[in-house]
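So in my numbering, the last spot in the sequence shown is 190, and the numbers never skip.
Worksheet: one structure, shown below.
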Amino acid sequence: EFVRLHRLSDPKKNKFMSEPMAEFFKDVYEAKIPGWQGRLDFLKIEGKFAAGIISFVSQDEWWLYNSGYDPEFSFYSAGLLLKAFSIKQAIEDGKKKYDFLRGGERYKYELGGKDLQLYRIEIKLD
Numbered sequence: 065e066f067v068r069l070h071r072l073s074d075p076k077k078n079k080f081m082s083e084p085m086a087e088f089f090k091d092v093y094e095a096k097i098p099g100w101q102g103r104l105d106f107l108k109i110e111g112k113f114a115a116g117i118i119s120f121v122s123q124d125e126w127w128l129y130n131s132g133y134d135p136e137f138s139f140y141s142a143g144l145l146l147k148a149f150s151i152k153q154a155i156e157d158g159k160k161k162y163d164f165l166r167g168g169e170r171y172k173y174e175l176g177g178k179d180l181q182l183y184r185i186e187i188k189l190d
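Okay, structure coming up:
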């Protein structure tokens, strides 16, 4: 269901979410990472899947990995609403950090996100 919503939400996402990429998302979600758990949440409106998110949670953190929504429910801002619900859940679960991860999408700022400088360090060992 998540893959369907991801594809529906944007033509670029539809092109991106090929069958091999859908399999990759499944593998990432199911990966066994010590201290972390994959989480898949959906919002239903009028009995239909309106939005979905994949997140990874640890004892102290919640990372929003990716999302999708059905444009049929754009009037309700279903994708944004589900993300807001996930932030609420993270707070209720006592998480100390909610991370939208990389990218400058508008919704991240609408939900209170702040830019964090990322650095890439390469070390060459001979």
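Backbone N, C-alpha and C fix where the C-beta goes; we use that ideal spot for every residue, glycine too.
Exercise. For S122, which of K76, A154, R71 has the nearest alpha-carbon?
Worked result: Locating residue 122 in the sequence shown gives position 58, where the first residue counts as 1. It is A154 whose Cα lies nearest to the Cα of S122.
Problem set entry | Beta-carbon proximity check, L145 vs Y171, cutoff 8 Å | Position 81 of the sequence shown holds residue 145. Position 107 of the sequence shown holds residue 171. No, Cβ-Cβ distance for L145 and Y171 is not below 8 Å.
For this session: Report yes if the CB atom of F120 is closer than 8 Å to the CB atom of R103, and no otherwise.
Result: The residue labelled residue 120 in the question sits at position 56 within the sequence shown. The residue labelled residue 103 in the question sits at position 39 within the sequence shown. Taking 8 Å as the Cβ cut-off, F120 and R103 qualify as a contacting pair.
Problem set entry | Other residues of its chain near L182: CB distance less than 8 Å, five sequence neighbours each side excluded | In the sequence shown, residue 182 corresponds to position 118, counting from 1. If we look at L182 and ignore the five residues flanking it on each side, its Cβ neighbours are R166.
Problem set entry | Residue of E174, L180, P98, D134 minimising C-alpha distance to N78 | Position 14 of the sequence shown holds residue 78. Checked all of E174, L180, P98, D134; the closest Cα to N78 is D134.
Exercise. Secondary structure at I185, three-state DSSP: helix, strand or coil?
Worked result: If you number the sequence shown from 1, residue 185 lands on position 121. DSSP places I185 in coil when its eight states are reduced to three.
Exercise. Does the beta-carbon of A95 have 16 or more other beta-carbons within 10 angstroms, so that it is buried, or is it exposed?
Worked result: By 1-based counting over the sequence shown, the position of residue 95 is 31. Exposed: under 16 other Cβ atoms inside 10 Å.
Problem set entry | Where R103 falls: helix, strand or coil (DSSP) | The residue you call residue 103 lines up with position 39 of the sequence shown. Strand at R103.
For this session: Could you spell out where the alpha helix (DSSP H) holding S119 opens and where it closes?
Result: In the sequence shown, residue 119 corresponds to position 55, counting from 1. Here S119 belongs to no alpha helix (DSSP H); instead the beta strand (DSSP E) covers 112 to 121.
Exercise. Taking the Cβ atom as the reference point for each residue, do I117 and K147 lie within a distance shorter than 8 Å?
Worked result: Residue mapping note: residue 117 aligns to position 53 of the sequence shown, counting from 1. Residue mapping note: residue 147 aligns to position 83 of the sequence shown, counting from 1. Here I117 is near K147, since their CB atoms are less than 8 Å apart.
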